[in-house]
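Visitor:
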Amino acid sequence: MNLLKKISIVCVTVLAISYFIPVQTTKNAVIKKTFYDVVSEINNPDNWKKWYSPIKSSYQKHPEKYRFVEDYKNKKFIIYTHNNKYIVTKYSPGYLKVQSNGLFKTNCEVRFTFTKDSHKSIVFETHTISLLTYVLNFFKPDNQYDSVIKNLKPFMENPSLYYGFEIKRTHVPDTIYLTLSKTILAKNRYIATDSMYKILTKYALKNKLTRTFKPYLVQNTLGNDSLTITAMLVIDTAIMPDSKITSFTMPSGGNILVARYKGRYSASKTVYDALQKYVFDNTLSSVFTPFERYLDKRIPKNDSSIVDMEVFYPIY
401 MNLLKKISIV CVTVLAISYF IPVQTTKNAV IKKTFYDVVS EINNPDNWKK
451 WYSPIKSSYQ KHPEKYRFVE DYKNKKFIIY THNNKYIVTK YSPGYLKVQS
501 NGLFKTNCEV RFTFTKDSHK SIVFETHTIS LLTYVLNFFK PDNQYDSVIK
551 NLKPFMENPS LYYGFEIKRT HVPDTIYLTL SKTILAKNRY IATDSMYKIL
601 TKYALKNKLT RTFKPYLVQN TLGNDSLTIT AMLVIDTAIM PDSKITSFTM
651 PSGGNILVAR YKGRYSASKT VYDALQKYVF DNTLSSVFTP FERYLDKRIP
701 KNDSSIVDME VFYPIY
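Printed below as a string of structure tokens:
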């Protein structure tokens with residue numbers, strides 16, 4: 401047997417043995433979110449595709465292969481991707497074990513605890529991988545790709561990632577509005593909204609009230625099948641009430657949250673949910689019903705309409 405073959409056999413043997421030798425690493429970090437927020441995030445299997453890099457990367461490339469199964473009896477859930485399976489066992493809400501069943505198997509135990517500061521949590525992570533995986537990781541661009549801490553902390557602490565939208569605090573964008581309100585059946589909202597804006601536009605043109613024609617909309621749900629909608633146009637000066645059309649002045653110095661949404665109108669509830677969660681997390685209070693401003697000046701015609709809009713959430 402020549403020297404090259406001997407070296408090859410030795411290398412293969414070393415690699416094979418290293419595959420079965422476990423290496424354990426530990427780390428901890430402080431996450432600037434409440435214990436409840438962190439535990440809620442990590443115990444929801446559908447959230448992992450938003451922040452855990454191996455799952456997120458697979459989901460973005462092969463969304464059709466992504467699925468999860470919750471095994472309530474055995475207190476675990478399983479996440480399937482196009483090339484792997486992740487088993488998350490919940491020993492308690494703040495203590496989980498994550499097992500990856502890919503070629504290079506890994507085991508990760510994660511514990512969360514309270515801190516004296518109620519707005520922060522401490523996370524401890526114990527990662528067990530093979531010696532071979534440990535060595536190969538050093539050749540990866542990010543050798544902490546599978547780390548829960550490495551993935552979860554920046555996600556939780558970045559508002560645009562955590563809430564799904566960039567949320568800003570600002571002042572009231574416009575102050576004087578021409579308004580028309582109507583209570584309607586939910587199924588008729590698009591027809592009614594279109595009609596109301598035509599009435600407001602005609603009124604504004606006739607009375608030379610505006611040059612901008614910025615459309616806003618406020619919606620309040622009433623039960624399961626009806627709602628009150630208020631169509632609004634920005635005007636230059638207030639008016640005396642005329643039948644059902646009136647003007648509304650909003651304090652120019654009022655504080656307000658704003659988030660931008662682009663996409664199908666039927667999915668715009670996500671931005672409202674994000675703003676509401678932001679208000680709750682930051683112990684704020686609402687002073688007025690949230691409202692929409694259509695940046696392209698196009699009113700949605702149906703659930704499938706693609707909109708570019710901002711949602712404003714008045715606060716104090």
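Just so we're aligned, residue 401 is where the sequence shown starts under my numbering, counting upward by one. Just so it is clear, CB atoms sit at the ideal spot from N, CA and C, and this is done for glycine as well. Since the model is a prediction, treat every value here as computed from it, not as a measurement.
Between 427, 584 and 437, which lies nearest to residue 682 when the distance is taken from Cα to Cα?
Guide: The sequence position of residue 682 within the sequence shown is 282, counting from 1. The residue with the shortest Cα to Cα distance from residue 682 is 437.
Visitor: Do the segment 689-709 and the segment 604-624 make contact, defined as three or more Cβ pairs closer than 8 Å?
Guide: Yes, the segment 689-709 is in contact with the segment 604-624.
Visitor: Rounded to the nearest angstrom, what separates residue 565 and residue 404 at their Cα positions?
Guide: Taking the sequence shown and counting its residues from 1, the one referred to as residue 565 is at position 165. Taking the sequence shown and counting its residues from 1, the one referred to as residue 404 is at position 4. Whole-angstrom Cα-Cα distance: 58 Å.
Visitor: Between the segment 621-635 and the segment 700-711, do three or more beta carbon pairs fall short of 8 Å?
Guide: The segment 621-635 vs the segment 700-711: no contact.
Visitor: In the structure shown, what three-state DSSP assignment does residue 671 receive?
Guide: By one-based count along the sequence shown, residue 671 stands at place 271. Residue 671: helix per DSSP, three-state reduction.
Visitor: Using three-state DSSP, classify residue 626 as helix, strand or coil.
Guide: For the purposes of this step, residue 626 is taken as residue 226 along the sequence shown, with counting starting at 1. Three-state result, residue 626: strand.
Visitor: Using beta-carbon positions only, say whether residue 443 and residue 522 come within less than 8 Å of one another.
Guide: The residue you call residue 443 lines up with position 43 of the sequence shown. The residue you call residue 522 lines up with position 122 of the sequence shown. Not closer than 8 Å, so no.
Visitor: Counting only runs of 4+ residues fully inside the segment 428-512, write out the alpha helix (DSSP H) ranges in chain order.
Guide: With a minimum length of 4 residues, the continuous alpha helix (DSSP H) runs that stay inside the segment 428-512 are 435-442, 448-451 and 453-461.
Visitor: Rounded to the nearest angstrom, how far is the Cβ of residue 647 from that of residue 605, given a contact under 8 Å?
Guide: Here residue 647 corresponds to residue number 247 of the sequence shown, with the count starting at 1. Here residue 605 corresponds to residue number 205 of the sequence shown, with the count starting at 1. That pair is no contact at about 16 Å.
Visitor: With a threshold of 8 Å, are at least 3 pairs of Cβ atoms found where one atom belongs to the segment 544-563 and the other to the segment 632-643?
Guide: Cβ pair count under 8 Å is below three, so no.
Visitor: For residue 551, does the count of other Cβ atoms within 10 angstroms reach 16, so buried, or fall short, so exposed?
Guide: By one-based count along the sequence shown, residue 551 stands at place 151. So residue 551 counts as buried.
Visitor: Checking 8 Å against the spacing of the C-beta atoms, do residue 430 and residue 520 come in under that value?
Guide: Stepping through the sequence shown from its first residue, residue 430 is reached at position 30. Stepping through the sequence shown from its first residue, residue 520 is reached at position 120. Yes, they are a contact pair.
Visitor: Among 650, 472, 713 and 676, which has the Cα closest to the Cα of residue 690?
Guide: For the purposes of this step, residue 690 is taken as residue 290 along the sequence shown, with counting starting at 1. When only C-alpha atoms are compared, the closest one is 713.
Visitor: Suppose you measure from the CA of residue 461 to the CA of residue 454; what does that come to, to the nearest Å?
Guide: Working through the sequence shown from its first residue, we reach residue 461 at position 61. Working through the sequence shown from its first residue, we reach residue 454 at position 54. Cα to Cα, residue 461 sits roughly 11 Å from residue 454.
Visitor: For residue 590, which three-state DSSP category applies?
Guide: The residue labelled residue 590 in the question sits at position 190 within the sequence shown. Reduced to three states, the DSSP call for residue 590 is helix.
Visitor: Please classify residue 341 as buried or exposed, where buried requires at least 16 other C-beta atoms within 10 Å of its C-beta.
Guide: Since the first residue shown for the chain is 401 and the last is 716, residue 341 is missing from the structure and cannot be characterised.
Visitor: Cutting at 7 Å between CB atoms, please list the residues of its own chain near residue 518, excluding the five before and the five after it.
Guide: The residue you call residue 518 lines up with position 118 of the sequence shown. For residue 518, where only same-chain residues beyond five positions count, the Cβ hits under 7 Å are 434.
Visitor: So what's residue 557 in DSSP terms, helix, strand or just coil?
Guide: Looking up residue 557 in the sequence shown gives position 157. Three-state DSSP puts residue 557 in a helix.
Visitor: Cutting at 8 Å between CB atoms, please list the residues of its own chain near residue 677, excluding the five before and the five after it.
Guide: The residue given as residue 677 occupies position 277 in the sequence shown. Once the five neighbours on either side are set aside, the close Cβ partners of residue 677 are 563.
Visitor: I'd like the list of long-range same chain contacts for residue 458, defined as Cβ closer than 6 Å, with 5 residues on each side in sequence excluded.
Guide: Position 58 of the sequence shown, counting from 1, holds the residue named residue 458. So the list reads 481 and 482, once near-sequence residues are dropped.
Visitor: Thinking residue 659 and residue 567 are a contact (beta carbons under 8 Å), I'd like their distance in whole angstroms, please.
Guide: To locate residue 659, count along the sequence shown from 1; it is residue 259. To locate residue 567, count along the sequence shown from 1; it is residue 167. That pair is a contact at about 5 Å.
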